[in-house]
């Protein structure tokens, strides 16, 4: 699985709801944390960075408290599968969101079970092409 663990910076655009929650955290809660004077988004008690596993452990604890069997990596996997099943053409975007350096990594791990969605996608494309042909438009 080291193809997915590139240990490099990874930027994503947050959904507006997530950005709002992050702003609220920064505006109200973060300043009250031990170590808040440091530069870290989620500071450790000593002001340094939290361990690499801290966020994983926090999400795992939240899942357990909610009675959900699984782990943070499973949540990531489920989100990727849902996106690809809803829109198989989103493979490149999902690959970038996951931080994969190669689309083949995403394909190997996430593609292959979205046949129905792929069929619906192709049907929509064919319907669009048929409608354009009926209207006398050239296909793209």
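In the working numbering, the protein residues as written are 63 to 202.
Glycine residues also receive a C-beta, built at the ideal position from the N, C-alpha and C atoms.
Less than 8 Å between the CB atoms is what I'm expecting for residue i and residue j, so what's the real figure, rounded?
i, j, result
"residue 142", "residue 172", "5 Å"
"residue 94", "residue 104", "Not confirmed; about 13 Å, so no contact."
"residue 159", "residue 74", "6 Å"
Could you tell me if residue i is buried or exposed, where buried requires 16 or more neighbouring beta carbons within 10 angstroms of its beta carbon?
i, result
"residue 63", "Note that residue 63 scores a pLDDT of 37, beneath 50, so its modelled location is shaky; the value from the coordinates is reported in the next line. Burial call: exposed."
"residue 101", "exposed"
"residue 83", "exposed"
"residue 146", "buried"
"residue 65", "Its pLDDT being 41, under 50, residue 65 is placed unreliably by the model, and nothing is read from it."
"residue 168", "buried"
"residue 96", "exposed"
If you measure between the beta carbons of residue i and residue j, is that distance less than 9 Å?
i, j, result
"residue 121", "residue 137", "yes"
"residue 161", "residue 70", "yes"
"residue 165", "residue 183", "no"
"residue 132", "residue 116", "no"
"residue 110", "residue 99", "no"
Give me the DSSP bridge partner(s) of residue i.
i, result
"residue 105", "111"
Pick out the complete alpha helix (DSSP H) segments inside the stretch 132–171, 4 residues or longer, and give them in chain order. Runs of the alpha helix (DSSP H) spanning 4 or more residues and lying entirely within the stretch 132–171 occur at 134–148 and 153–160, in chain order.
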